[in-house]
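Here my numbering is used: the first residue of the sequence shown is 232, the next is one more, and so on. What follows is a short report on a single structure.
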Amino acid sequence: MTAPPHRLPHPDTPESRARWLHDIGGLSVEEIGWRLGLPPERVQALLDQRPSEAVPPPGAAEGARLIRRLARRLRDRFGLGTVCIALMPRDQTDPLPMIAAAAARHLMRVLQARSAPGIVGVSHGRTIAAMVAQLPEMRVGNLRFVSLLGELTCAHAAYPHVVMSQIAQRLGAQAFPFPSPLYATTPEEAADLLRQPMLRRAAEMALQAEVWVVGIGRGAPENQLHQFGMIGAEDLAEIVGLGAACEILGRFFDEEGRELQTALAARTLAPAAPDFRRRRVIGLAGGTDKVVALHAALAGHLLQDLVTDSRTAVALLDEEEQAEFAALLW
């Protein structure tokens, strides 16, 4: 684990790390213990120390209050259930590590709640894989994880079934892959594939899942699916022509969050757009290049929960609100 991104007198001490994770990261005593490799009793003792013994980061309390205000603003603006925002330091440019840590905490809270899901669907992507790396090793009930879409790329860490299996190993759960390509050659081939017992079982389980955890991709041609060669030139031209703004589970949506009715959509081996509204969908994304995609997903009410970073969260507001929060946070 890297040091907290603040200029502390002793940034590498357990005291300063525990205080930062508690005050800024919002982690519980148990979660801090997982991150620092300490028993909960030791973590609590560190947090109980007098300020002279454990110096909190400057502005920690005010920063936490601003993040809560920002989260409330996004919840009200987009009708979201939960918004988790990772505070981005001034000198950090890559939001992925912060978002991954916040997403891991949020997922653990969901899994440990009284109304915890029995089945969780998982998508693909760098942010999802990074979130998995932040999960603790523990057993959480009788969980089942299922991949929500066919294989994505030849990049090992991006395979949905690999990511989902890693989650299952960490949490002592069952794992069900979706062993197929993301896009079939024809609609008829897609229908034939879904008749196969293993794929049919995975597809049915994906629709039974009470919670989905998904990454959010940009519209073509910037999308990774195109960059990895999963989308051909003809399909790409159609998607671009129809104004794709974001991609979730291999499906493309316009700026209002409406799925584009393309030839590719009929060949996609992943749940359809109407299925997004029947469960709790947790969306993970951040960075200035994802703002347009996030706006589209939020406009279409495709997400119930959002995990992002503070800079991206501010960019999702209108200009007046952006100026208000930017002046306070940076």
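Using N, Cα and C, we set each Cβ at its ideal position, and we do this for glycine too.
Exercise for the section: Give me the Cα-Cα distance between Gln365 and Val314, rounded to the nearest whole angstrom. Expected result: For the purposes of this step, residue 365 is identified with residue 134 of the sequence shown, where counting begins at 1. For the purposes of this step, residue 314 is identified with residue 83 of the sequence shown, where counting begins at 1. Using only the alpha carbons, I get a separation of about 19 Å.
Practice task
Grab the span of the alpha helix (DSSP H) containing Thr416 for me, first residue to last.
Solution key: Taking the sequence shown and counting its residues from 1, the one referred to as residue 416 is at position 185. Here Thr416 belongs to no alpha helix (DSSP H), and DSSP marks it neither H nor E.
Problem - Cβ-heavy atom distance, Asp325 to the ligand MN, below 6 Å - result: Here there are no bound small molecules, and the ligand MN is not part of this structure.
Problem - N- and C-terminal bounds of the alpha helix (DSSP H) containing Glu478 - result: Residue mapping note: residue 478 aligns to position 247 of the sequence shown, counting from 1. Not the alpha helix (DSSP H): Glu478 falls in the beta strand (DSSP E), residues 477-479.
Exercise for the section: Confirm, please, whether the CB-CB distance from Leu301 to Ala544 is below 7 Å. Expected result: Here residue 544 refers to the residue found at position 313 of the sequence shown. Here residue 301 refers to the residue found at position 70 of the sequence shown. Contact: yes.
Practice task
Return helix, strand or coil for Ala544, following the three-state DSSP convention.
Solution key: Position 313 of the sequence shown, counted from the start, is the residue given in the question as residue 544. Of the three classes helix, strand and coil, the one that applies to Ala544 here is helix, per DSSP.
Exercise for the section: Report yes if the CB atom of Ile447 is closer than 7 Å to the CB atom of Ala524, and no otherwise. Expected result: Mapped onto the sequence shown, residue 447 falls at position 216. Mapped onto the sequence shown, residue 524 falls at position 293. For Ile447 and Ala524, yes; Cβs fall inside 7 Å.
Exercise for the section: Less than 8 Å between the CB atoms is what I'm expecting for Phe407 and Arg375, so what's the real figure, rounded? Expected result: For the purposes of this step, residue 407 is taken as residue 176 along the sequence shown, with counting starting at 1. For the purposes of this step, residue 375 is taken as residue 144 along the sequence shown, with counting starting at 1. About 7 Å separates the two Cβ atoms, so the contact holds.
Handout entry: Which of helix, strand or coil DSSP assigns to Ile298
Key = Translated into the one-based positions of the sequence shown, residue 298 becomes position 67. In the structure shown, Ile298 sits in a helix (DSSP, three-state: H, G or I).
Exercise for the section: Check the C-beta distance from Ile479 over to Val445 and give it rounded, since I have them as a contact under 8 Å. Expected result: On the sequence shown, residue 479 is found 248 positions in, with the first residue counted as 1. On the sequence shown, residue 445 is found 214 positions in, with the first residue counted as 1. Contact between Ile479 and Val445 is confirmed by a C-beta separation of about 5 Å, below the 8 Å threshold.
Practice task
Drop a sphere of 10 angstroms on the beta-carbon of Ala434, count the other beta-carbons inside from all chains shown, and report buried for 16 or more, exposed for fewer.
Solution key: Taking the first residue of the sequence shown as position 1, residue 434 is located at position 203. That one is buried.
Exercise for the section: Check whether the segment 510-529 touches the segment 538-556, taking contact to mean three or more Cβ pairs, one atom from each stretch, closer than 8 Å. Expected result: The segment 510-529 is in contact with the segment 538-556.
Practice task
Please list, in chain order, all residues of the same chain as Thr358 whose beta carbon is under 8 Å from its beta carbon, the five residues on each side excluded.
Solution key: By one-based count along the sequence shown, residue 358 stands at place 127. Counting only Cβ-Cβ distances below 8 Å, and skipping sequence neighbours, we find Leu327, Ile330, Ala331, Ala334, Gly446, Leu515, Ala516, Gly517.
Exercise for the section: Specify the secondary structure class of Gly310 as computed by DSSP and reduced to three states. Expected result: By 1-based counting over the sequence shown, the position of residue 310 is 79. Reduced to three states, the DSSP call for Gly310 is coil.
Handout entry: Sequence-distant residues of the same chain with beta carbon closer than 8 Å to Thr493, five excluded per side
Key = Position 262 of the sequence shown holds residue 493. Here the set comprises Asp466, Glu469, Ile470, Leu473, Phe483.
Practice task
Compare the beta carbon distance of Val260 and Pro271 with 7 Å and say whether it is the shorter of the two.
Solution key: The sequence position of residue 260 within the sequence shown is 29, counting from 1. The sequence position of residue 271 within the sequence shown is 40, counting from 1. Yes; because the gap between Cβ atoms is below 7 Å, this pair is in contact.
Practice task
Output the distance between the C-alpha atoms of Met496 and Gly488, rounded to the nearest integer angstrom.
Solution key: Within the sequence shown, the letter at position 265 stands for residue 496. Within the sequence shown, the letter at position 257 stands for residue 488. Inspection of the sequence shows that residue 496 is occupied by Ala rather than by Met. For Ala496 and Gly488, the distance between alpha carbons rounds to 15 Å.
Exercise for the section: Quick one: residues in its chain with C-beta nearer than 8 Å to the C-beta of Ala386, no 5 flanking neighbours on either side, listed in chain order? Expected result: Stepping through the sequence shown from its first residue, residue 386 is reached at position 155. Confidence at Ala386 is low in this model, with a pLDDT of 47, below 50, so its placement is unreliable and the value that follows should be read with caution. Around Ala386: Phe459.
Practice task
Taking the CB atoms as reference points, tell me whether Gly531 and Leu380 lie closer together than 7 Å.
Solution key: By 1-based counting over the sequence shown, the position of residue 531 is 300. By 1-based counting over the sequence shown, the position of residue 380 is 149. Against a cut-off of 7 Å, the Cβ pair of Leu380 and Gly531 comes out as no contact.
Handout entry: Cβ-based burial, Met369 [other Cβ within 10 Å; buried from 16]
Key = Locating residue 369 in the sequence shown gives position 138, where the first residue counts as 1. Met369 comes out exposed.
Exercise for the section: Please classify Glu551: does DSSP put it in a helix, a strand, or coil? Expected result: Residue 551 sits at position 320 when you count from the first residue of the sequence shown. Reduced to three states, the DSSP call for Glu551 is helix.
Practice task
For the beta strand (DSSP E) containing Ile513, list its first residue and its last residue.
Solution key: Taking the first residue of the sequence shown as position 1, residue 513 is located at position 282. 511-515 is the extent of the beta strand (DSSP E) around Ile513.
Handout entry: Met362 versus His337: straight-line alpha-carbon distance, rounded
Key = Locating residue 362 in the sequence shown gives position 131, counting from the first residue. Locating residue 337 in the sequence shown gives position 106, counting from the first residue. For Met362 and His337, the distance between alpha carbons rounds to 10 Å.
Handout entry: Ala476 beta carbon less than 7 Å from that of Ala422
Key = Your numbering for residue 422 matches position 191 in the sequence shown. Your numbering for residue 476 matches position 245 in the sequence shown. Taking 7 Å as the Cβ cut-off, Ala422 and Ala476 do not qualify as a contacting pair.
Practice task
Determine the extent of the alpha helix (DSSP H) in which Gly381 is found, giving its start and end residues.
Solution key: As a working mapping, residue 381 is identified with position 150 in the sequence shown. It is not in any alpha helix (DSSP H) - Gly381 carries neither H nor E in the DSSP assignment.
Exercise for the section: Give the single residue among Val442, Gly312, Trp443, Ala464 whose Cα lies nearest to the Cα of Pro452. Expected result: Position 221 of the sequence shown, counted from the start, is the residue given in the question as residue 452. Measuring from the Cα of Pro452, the nearest candidate turns out to be Ala464.
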